[in-house]
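Have a look at the structure below, then the notes.
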Amino acid sequence: LPDQAVVLPSGGPLYLQLKRWIEDAIASGTINPGDALPSERDLAQKVDVSRVTVRKAVLQLVKEGVLLQRHGSGTFVAPRTQRVEQSLSQLTSFTDDMARRGMQVRAEWLDRGLYQPSPEETVVLGLSSGERVARIARLRLTGDAPLAIERASLSAQILADPMEIGDSLYKHLDKSGNRPTRAIQRIRAENLNADDAKLLDVPVGSASLNIERTSYLPSGRVIEFTRSIYRGDTYDFVAELRLGD
Ligand code: 16G
Numbered sequence: 009l010p011d012q013a014v015v016l017p018s019g020g021p022l023y024l025q026l027k028r029w030i031e032d033a034i035a036s037g038t039i040n041p042g043d044a045l046p047s048e049r050d051l052a053q054k055v056d057v058s059r060v061t062v063r064k065a066v067l068q069l070v071k072e073g074v075l076l077q078r079h080g081s082g083t084f085v086a087p088r089t090q091r092v093e094q095s096l097s098q099l100t101s102f103t104d105d106m107a108r109r110g111m112q113v114r115a116e117w118l119d120r121g122l123y124q125p126s127p128e129e130t131v132v133l134g135l136s137s138g139e140r141v142a143r144i145a146r147l148r149l150t151g152d153a154p155l156a157i158e159r160a161s162l163s164a165q166i167l168a169d170p171m172e173i174g175d176s177l178y179k180h181l182d183k184s185g186n187r188p189t190r191a192i193q194r195i196r197a198e199n200l201n202a203d204d205a206k207l208l209d210v211p212v213g214s215a216s217l218n219i220e221r222t223s224y225l226p227s228g229r230v231i232e233f234t235r236s237i238y239r240g241d242t243y244d245f246v247a248e249l250r251l252g253d
């Protein structure tokens, strides 16, 4: 930290002023990812606030994932997460996208089985009466870092045995000539609920992108209805735009 006296940004409770000051110091590169924060006592002395105030500001930043606390060794600026750029103009699979980037991915299964469809699934997938739905839900990770939760629904006629799909749903569909060739995607901002936040290893209420994909065969038949939840701190969705007529 610089030697000169610390001037906190004004306004609001003291701990929030200190929090903002720490955020600014990180943003401006005064302290960098991996750097240790001074001890609570040193920081309190330097900024001329109480240790309770320091503790509150630090705790808040730990909750937000900006700082990391390691037992016994202190508080550090968290490494900046590497962002992933994802094209919005091509119909690709998660496995393809990650392989292209050379990223090693894996999946943790949250659910896979045949169910009675919900009214929404019946309508979107165009199921006939009595037809069941195959649901597959996965947490998709690179190493230990969770990237997205994916919950897919398909007609049981297309995916009779959800246990059969290996690492990639699209590769599996390809085998039976059922790989989709067109999709509609809807993207929405969402604050994560407790369950999904836990799965994605981020604080409750963190920003995420909720993506709904309905994909089609050339015949027009809907093949897949998938809700994906992507970490807002990790993903950039990018589309190329061209001047229209
Ligand atoms: C993508 C799709 C998802 C599809 C999955 C198949 C988005 C938002 N979603 O993640 O709908 O089911 O790819 O991936 O892009 P897989 O072949 O690796 O299982």
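Just so you know, we're using full-length UniProt numbering here: the sequence shown kicks off at 9 and counts up by one.
Ideal placement from N, C-alpha and C gives every residue a C-beta, glycine not left out.
Keep in mind that this is a model prediction, so the values were computed, not measured.
Residue pairing by DSSP places residue 117 opposite 146 in a beta bridge. Distance from the C-beta of residue 168 to the nearest heavy atom of ligand 1 is not below 7 angstroms. Residue 107 sits away from residue 175, with the two beta carbons spaced by 8 angstroms or more. With a threshold of 16 other beta carbon atoms within 10 Å, residue 71 falls short and is exposed. The stretch 49–67 makes no contact with the stretch 177–197: fewer than 3 CB pairs, one atom from each, lie closer than 8 angstroms.
Residue 129 counts as buried, since no fewer than 16 other beta carbons sit within 10 angstroms of its beta carbon. Distances between the C-beta of residue 102 and the heavy atoms of ligand 1 include at least one below 7 angstroms. DSSP, reduced to helix, strand and coil, places residue 127 within a helical segment of the structure shown. Annotated as distal: residue 148 and residue 120, with beta-carbon spacing of 8 angstroms or more.
Under DSSP, residue 95 shares a beta bridge with 246. Within the chosen limit of 7 angstroms, ligand 1 does not reach the beta carbon of residue 71 with any heavy atom. Residue pairing for residue 216: DSSP places it in a beta bridge opposite 198 and 239.
Excluding residues up to 5 positions away in sequence, 23 lie with their Cβ nearer than 7 angstroms to the Cβ of residue 64 in the same chain.
Three or more Cβ pairs closer than 8 angstroms define a contact, and the stretch 229–236 meets that threshold against the stretch 148–168.
In this structure, the straight-line span from the alpha carbon of residue 113 to that of residue 19 is close to 45 angstroms.
Counting along the chain, residue 72 sits inside no beta strand (DSSP E), nor does DSSP assign it H or E at all. With fewer than 16 other beta carbons inside 10 angstroms of its own, residue 183 counts as exposed. The Cβ atoms of residue 94 and residue 104 do not sit closer than 8 angstroms to each other.
The beta carbons of residue 225 and residue 188 sit about 6 angstroms from each other, so the pair counts as a contact at 8 angstroms.
With 16 or more other Cβ atoms inside 10 Å of its own Cβ, residue 25 counts as buried. Relative to ligand 1, even the nearest heavy atom lies 7 angstroms or more away from the CB of residue 93. Excluding the 5 residues flanking it on each side, residue 248 has same chain C-beta neighbours closer than 6 angstroms at 97, in chain order.
Its chain contains 145, 146 and 147 as the residues whose beta carbon lies nearer than 7 angstroms to that of residue 118, once the 5 sequence neighbours on both sides are disregarded; these appear in chain order.
In this structure, residue 232 has its beta carbon less than 7 angstroms from a heavy atom of ligand 1. The residues 86, 210 and 211, in chain order, have a CB closer than 7 angstroms to that of residue 73 in the same chain once the five nearest residues on each side in sequence are set aside.
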